[in-house]
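Quick note, the sequence shown lines up with residues 75 to 223 if you use our numbering. Data block below; observations after.
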Amino acid sequence: MFAFGLAAGAFVVPSFAEERATAEEAVALVKKAVRYIKENGREKAFADFNHPAGQFRDRDLYIFVLDFEGKVLAQGANPRMVGKNILDLRDVDGKYFVKSYLGIAREKSHGWEEFKWLNPSNAAIETKRAYVERYDDVVVGSGIYKAAK
């Protein structure tokens with residue numbers, strides 16, 4: 075549980091008054107990020123993904139990029155995570171969701187993973203869905219919180 079607390083704090087995003095992004099918007103942001111990498115190169119793209127007020131931040135959406143070992147290459151919610159290996163990160167139910175991201179990217183090249191995570195806008199543990207897409211030897215992703223029923 076302590077590891078979750080540290081990790082959850084590592085991915086804090088600003089409050090957006092419960093305005094939630096959609097799945098379609100998350101996919102569009104990831105596709106935009108992949109195009110941006112292709113057009114601008116990794117160094118510039120990853121730096122721009124890390125910018126807190128840049129074009130890759132929209133409400134609760136941000137871009138993250140991982141290598142296939144679980145190392146964070148870009149993290150729009152918290153650039154301090156860059157360089158850290160999060161392969162063994164688990165949600166509150168013990169699910170290794172980063173390992174799942176990498177499996178999806180390896181096996182299908184893109185897809186969704188669902189896990190439980192702290193929503194910083196209301197301080198509640200909620201179901202989060204992350205869309206990930208493989209680009210060369212990295213995984214580019216963004217996530218949304220599912221609305222409560």
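C-beta atoms are modelled at their ideal positions from N, C-alpha and C, and glycine is treated no differently.
Simplified DSSP assignment, three categories, for residue i
i           : result
residue 113 : helix
residue 156 : coil
residue 99  : helix
residue 121 : helix
residue 127 : coil
residue 176 : helix
residue 146 : strand
residue 83  : Confidence is the limiting factor: at residue 83 the pLDDT is only 44, short of 50, which leaves the residue's position unreliable, though a coordinate-based value still follows. Residue state, collapsed to three classes: helix.
Neighbourhood of residue i by C-beta distance below 6 Å, restricted to the same chain and skipping five residues each side
i           : result
residue 208 : 179, 183
residue 119 : 110, 111
residue 170 : 164
residue 46  : This structure leaves residue 46 out entirely; the chain is present only between 75 and 223.
Those residues which DSSP pairs with residue i across a bridge
i           : result
residue 202 : 189, 219
residue 214 : 139, 207
residue 132 : 135
Cβ shell of residue i (< 7 Å), same chain only, five flanking positions each side left out
i           : result
residue 131 : 150
residue 123 : 107, 130, 137, 139, 148, 150
Neighbourhood of residue i by C-beta, 8 Å cutoff - its chain only, sequence neighbours within 5 removed
i           : result
residue 96  : 218
residue 142 : 176, 179, 180, 211, 212, 213
Presumed contact (8 Å Cβ cut-off) between residue i and residue j, rounded CB distance
i           : j           : result
residue 204 : residue 187 : 5 Å
residue 104 : residue 216 : 5 Å
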